[in-house]
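Numbering-wise, our numbering comes out as the position in the sequence shown, counting from 1, plus 99. For each residue, glycine too, the CB sits at the ideal point set by N, CA and C. Owing to the predicted nature of the structure, the values given are computational and were not obtained by experimental measurement. First up is the structure itself, then whatever we jot down about it.
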Amino acid sequence: MINVYVDVDGVLNGVYAQAGQGGWNPSCLRREQINGFRITWHTDMINRLHNLLDQPHVHPVWLTTWEDDAPRLIAPALCIGFDWPVLHPTQTTFGKQREVFDDVEDTQPDKVLWLDDDAAYSRDYFTGNFKRISPYTGTGLTPDHLTEIEEFLRV
Ligand SMILES: [Mg+2]
């Protein structure tokens, strides 16, 4: 099993993404106000990610300050992650990292992938079967990141 921890802002939501930027098809850019926040995403990115995370050996988990609003509000808008479990990070610098380590200890996956734009976390732990992909907050995941994810999830 491979656990994949998924953040919203700066990963699925390219905070300053513009049509044609980041390598996605310009016609696939969508913007919506969700809970008072402007969310911007590429439907071709979501489709590709959905196919990768929908594999039987892959276990996607929400790890975002949106917490329970991720499946409740983000999932129906972006059409991904309706049934992913939600972790509840504490509001400290290393809150999310702590959640990842605790969840890994509880679930004992073979590999771990963490998708989060926040570079404040220590990179030292993320080697070998423990991978972290940290997109630029303004664009979110790019096609190159999706290729990296695809390769990591291959068994
Ligand atoms: Mg983020």
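Membership of Thr206 in the alpha helix (DSSP H) is indicated by the continuous run 194-206. The beta-bridge partner set that DSSP reports for Phe136 consists of Ile133. For Pro175, the enclosing alpha helix (DSSP H) has its first and last residue at 174-177. Close to ligand 1, as judged by a C-beta nearer than 5 Å to any of its heavy atoms, are the residues Asp106, Asp108, Gly109, Asp216, in chain order. Burial of His244 is indicated by the presence of at least 16 other C-beta atoms within 10 angstroms of its C-beta. Trp183 and Thr189 have their C-alpha atoms spaced approximately 19 Å apart. The beta carbon of Tyr104 sits closer than 6 Å to those of Val160, Leu162, Val199, Trp213, all from its chain and outside the five residues before and after it, given in chain order. Take the alpha-carbon of Asn124 and the one of Asn134: they are about 26 Å apart. When Leu151, Asn102, Met100, Cys127 are compared, the shortest CA-CA separation from Glu247 is found for Leu151.
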